[in-house]
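Chemist: Heads up: take any position in the sequence shown, counting from 1, add 26, and you land on UniProt numbering.
Even glycine gets a Cβ: it sits at the ideal position worked out from N, Cα and C.
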Amino acid sequence: LSQDELKKIAAFRAVDFVESGMVVGLGTGSTARHAVDRIGHLLRQGKLRDVVGIPTSRVTHDQALSLGIPLSDLDSHPVVDLAIDGADEVDPSLNLVKGRGGSLLREKMVEGACKKFVVIVDESKLVDYIGGSGLAMPVEVIKFCWKYTAEQLRSLFDYAGCRAKLRMSVGKEEEEEPFVTDNGNYVVDLYFERDIGDSWAASDAILRLAGVVEHGMFLGMASTVIVAGELGVRMINR
Ligand code: DER
């Protein structure tokens with residue numbers, strides 16, 4: 027099975043939790059995209075009714091709109107029944123790294139407002155500890171003096187061999203320019219060579235930096251993680 031087929035399996039299993047009448051947080055990324063497609067399909071078939079979607083990014087908003095999923099936001103629906111989203115990393119205590127798609131702030135707002143947060147991953151996302159994949163742990167920062175904030179972040183995690191890198195996106199004319207989030211901010215990606223240890227303490231330290239908006243560690247937020255692997259689908263509850 028390809029990685030995308032595994033993502034689709036996990037996504038479809040998560041949509042089994044969606045009931046008619048629910049307010050559903052719609053995640054962002056290639057795995058969540060399958061879940062949003064599935065919800066749109068079930069609504070069109072009449073197997074699901076009266077679902078309201080709360081998108082976690084402009085991209086998901088546009089996808090859901092094109093599928094005819096009725097949309098709203100947290101101002102109108104401060105309590106979300108269920109959120110479904112992917113993740114970049116899942117550690118053994120179901121703590122997550124998210125945000126490599128750049129939507130971590132709105133994802134964390136929507137998923138923080140939900141009664142049940144179902145995470146959908148293929149098995150490649152499982153790690154022994156946060157940052158263990160050696161891939162980015164994103165931090166959304168304001169543009170003002172981002173270099174200063176990036177250096178503060180890097181020195182916070184000097185002990186873990188941290189590198190901080192401004193996330194770039196390829197512009198229209200193919201020149202590299204800083205990636206800008208849906209909220210008009212920059213993303214500084216942190217890369218760790220070693221375990222950062224207490225992720226809750228790391229979260230507090232990051233959030234104390236004035237130039238930081240939010241980070242990509244989703245601690246204690248996932249209710250259920252659905253892992254699709256070669257040997258089948260596993261459901262891990264908190
Ligand atoms: O950016 C995000 O938070 C995405 O949900 C990401 O964590 C998972 O994206 P993927 O499903 O494309 O791997």
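Looking at the structure shown, is L68 part of a helix, part of a strand, or coil, going by DSSP?
Modeler: helix
Chemist: If you count every other CB in all the chains shown that lies within 10 Å of the CB of C171, and 16 or more means buried, which is it?
Modeler: exposed
Chemist: Quick one: what does DSSP say S159 is sitting in, helix, strand or coil?
Modeler: coil
Chemist: If you run the structure through DSSP and keep just helix, strand and coil, what is residue 26?
Modeler: Residue 26 lies beyond the residue range present for the chain, which begins at 27 and ends at 264; the question has no answer from this structure.
Chemist: So T57 and T86 are in contact, right, with Cβ under 8 Å, and what is the actual spacing, rounded?
Modeler: That pair is no contact at about 12 Å.
Chemist: Helix, strand or coil, according to DSSP, for F43 in the structure here?
Modeler: The three-state reading of DSSP puts F43 in coil, since its state is none of H, G, I, E or B.
Chemist: Compute every distance between the C-beta of K142 and the non-hydrogen atoms of the ligand DER, then say whether any falls below 7 Å.
Modeler: Result no, Cβ not under 7 Å from the ligand DER.
Chemist: What is the DSSP secondary structure of K73, counted as helix, strand or coil?
Modeler: Of the three classes helix, strand and coil, the one that applies to K73 here is coil, per DSSP.
Chemist: Just to confirm the assignment, what range does the alpha helix (DSSP H) spanning H228 have?
Modeler: As written in the sequence, residue 228 is Ala, which differs from the His given in the question. It spans 225-233 - the alpha helix (DSSP H) in which A228 sits, taken as one unbroken run.
Chemist: Would you list the residues whose beta-carbon is nearer than 6 Å to any heavy atom of the ligand DER, in the order they occur in the chain?
Modeler: G53, T54, G55, S56, T57, A58, D111, G112, A113, D114, K124, G125, R126, G127, S129, L130, E133
Chemist: Compute the distance between the beta-carbons of Q29 and D117, then report whether it is under 8 Å.
Modeler: no
Chemist: Where does A219 fall in DSSP's three states?
Modeler: For the sequence presented, residue 219 should be read as Glu rather than Ala. Of the three classes helix, strand and coil, the one that applies to E219 here is coil, per DSSP.
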